[in-house]
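Written below as structure tokens is the structure these notes are about.
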Amino acid sequence: MRIAPLPAWPAAAAEAAAVQDRMRPLLDLASPGPQEPRTVAGLDVTYAGDGGAGDRLAAAAVVLDFATLEVVAESVVTGASPFPYVPGLFAFREVPALVEALRRLPAAPDLLVCDGHGLAHPRRFGLACHLGVLTGLPAFGVAKTAFVGAHEPPGPRRGDASALVDGGETVGRALRTRDGVKPVFVSVGHRIDLDTACRHTLALAREYRLPETTRRADRLSRDALGAG
DNA sequence: GCGACAG
DNA sequence: ATCTTGTCGC
24 MRIAPLPAWP
34 AAAAEAAAVQ
44 DRMRPLLDLA
54 SPGPQEPRTV
64 AGLDVTYAGD
74 GGAGDRLAAA
84 AVVLDFATLE
94 VVAESVVTGA
104 SPFPYVPGLF
114 AFREVPALVE
124 ALRRLPAAPD
134 LLVCDGHGLA
144 HPRRFGLACH
154 LGVLTGLPAF
164 GVAKTAFVGA
174 HEPPGPRRGD
184 ASALVDGGET
194 VGRALRTRDG
204 VKPVFVSVGH
214 RIDLDTACRH
224 TLALAREYRL
234 PETTRRADRL
244 SRDALGAG
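This is the structure:
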């Protein structure tokens with residue numbers, strides 16, 4: 024798929040945070056999003072290193088048929104991280120490699136599912152927001168742990184959910200994808216609403232806690248890092 | 001001031 | 001994120 028060239032990449036934390044503040048107004052938080060996407064891309068990055076800039080990485084994009092969950096396309100790229108791991112600036116570590124992986128897909132997917140948060144972020148601009156704006160595609164995040172906000176434990180059954188609230192606003196949802204298993208944290212990125220994102224998360228996570236998109240991308244990026 | 005902190 | 005054994009349960 025085609026994606027515009029990235030701007031000069033920030034090297035300092037203050038500069039990166041300013042980029043987030045500048046991009047945030049570009050978010051579409053009003054659209055309901057695709058109710059029946061044909062294809063969904065899962066994105067994930069695996070690292071070798073201690074979290075510093077320059078760590079080796081492999082970024083994977085795996086496109087699934089939303090109805091059957093079969094893989095219809097995939098791409099993976101290896102390289103070096105341009106940014107250290109800093110909570111709140113996580114996207115600056117992953118975005119360039121993920122964008123390159125998306126560029127190498129034969130066609131644009133209908134939806135992006137990111138391994139991390141969207142609006143559930145200190146400046147309301149997590150990885151899923153960043154990738155959504157850069158690609159123009161509907162995007163949301165599914166994270167394994169909470170980052171900002173407070174929530175009541177959701178009920179014990181698959182599908183039970185509770186609001187993730189930060190600074191008085193609902194920024195996401197704790198969603199149980201399996202009976203009696205820790206919830207995941209869903210938040211909107213771009214061009215999709217929270218109800219739709221949670222519905223799609225449940226559709227993608229039938230037999231495991233994490234969405235099949237994330238599991239496939241995790242495996243592909245892991246294998247590529249080991250091989251390359 | 002102290003602790004917590006997506007991956 | 002990553003480093004790692006055994007153990008419990010379907």
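In the numbering used here, the protein residues as written are 24 to 251.
All C-beta atoms in this analysis are idealised placements derived from N, C-alpha and C, irrespective of residue type, glycine included.
Quick caveat, the model's predicted, so the values are computed rather than measured.
Starting from residue i and walking both ways along the alpha helix (DSSP H), at which residues does that stretch end?
i	result
G155	150-158
G251	Run containing G251: none; DSSP gives neither H nor E here.
V42	36-46
V118	114-126
H9	Any property of residue 9 remains undetermined from this structure, which presents the chain solely from 24 to 251.
Would you mind working out which of the options sits nearest residue i, comparing C-alpha positions?
i	options	result
P132	R181, E38, V86	V86
Q58	D218, G249, A228, A96	D218
R146	A27, P28, P48	P48
G111	A36, P119, D246, A53	A36
V204	P107, D216, E230, H223	E230
F163	C137, F170, A186	C137
L243	P176, G74, L66	L66
M24	P129, E93, T224	P129
G75	T193, V95, A186, V109	V109
T193	A143, A31, L92	A143
F89	R238, L134, A41	L134
Tell me which residue opens and which closes the beta strand (DSSP E) that residue i is part of.
i	result
F163	162-166
D189	184-189
L135	135-137
Which partner residues does residue i have in the DSSP bridge list?
i	result
D67	A83
F208	A166, A197
G103	It should be noted that the sequence gives Ala, not Gly, for residue 103. Paired residue(s): R79.
D88	T62
V94	L87
H213	A162
E192	D189
A173	V188
State yes or no: is the C-beta of residue i within less than 7 Å of the C-beta of residue j?
i	j	result
R61	A71	no
S98	A84	yes
L233	T69	no
S210	G195	yes
Q43	F148	yes
G139	G212	no
F113	L150	yes
G178	V188	no
A82	L121	yes
F208	A250	no
V63	T236	yes
R245	S54	no
L227	C152	no
G56	D216	yes
A27	P33	no
For the ligand MG, is there a heavy atom less than 6 Å away from the beta-carbon of residue i?
i	result
P206	Looking at this structure, you won't find the ligand MG or any other ligand, since it has none at all.
Discussion item. Contact between the region 149-159 and the region 107-126 is defined here as three or more beta-carbon pairs at a separation below 8 Å; is this criterion met?
Written reply: Contact between the region 149-159 and the region 107-126 is present: 3 or more CB-CB pairs across the two stretches fall below 8 Å.
Worksheet item: Are the region 174-183 and the region 200-209 touching, with three or more C-beta to C-beta distances below 8 Å?
Response: For the pair of segments examined, the region 174-183 was found to touch the region 200-209: the number of CB pairs separated by less than 8 Å reaches three.
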